[in-house]
Amino acid sequence: MDPVELKREFGKDIVFWGGGVETQGVLMFGTPEEVRAQVKERIEIFAPGGGYVFNQIHNILPGVPPENIVAAYD
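If you want our numbering, it's the 1-based position in the sequence shown plus 11.
Below, the structure is given as structure tokens:
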């Protein structure tokens with residue numbers, strides 16, 4: 012689902028928990044720079060007006076490069 016549309020449609024009614032970084036794509040296979048970029052983008056989308064708790068989308072999977080985990084929380 013498109014994060015911008017989700018925030019626009021439901022942002023005034025619910026709190027978003029998660030969605031900070033895509034664990035099966037960017038976190039697993041991206042570079043640390045790509046992880047940072049996606050985290051920044053998601054925070055810019057979901058945080059305005061409140062109602063956002065940063066976390067990854069799902070559990071962190073085995074095999075995710077440790078540097079990508081660090082990049083997500085830098």
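Just so it is clear, CB atoms sit at the ideal spot from N, CA and C, and this is done for glycine as well. Computed from a predicted model, the values in this text were never measured in an experiment.
Through-space distance from residue j to residue i, alpha-carbon basis
i     : j     : result
Arg47 : Val26 : 22 Å
Asn66 : Asn79 : 14 Å
His69 : Gly29 : 8 Å
Gly22 : Arg53 : 13 Å
Leu72 : Gln35 : 8 Å
Phe57 : Arg19 : 9 Å
Glu45 : Asp13 : 18 Å
Asp24 : Tyr63 : 12 Å
Residue span of the alpha helix (DSSP H) that contains residue i, given as start and end
i     : result
Lys18 : 14-21
Ile80 : 77-84
Notebook entry, point to check: Hey, which unbroken runs of the alpha helix (DSSP H) at 4 residues or more fall wholly within the stretch 29-67?
Noted result: 37-40, 43-57, all fully within the stretch 29-67.
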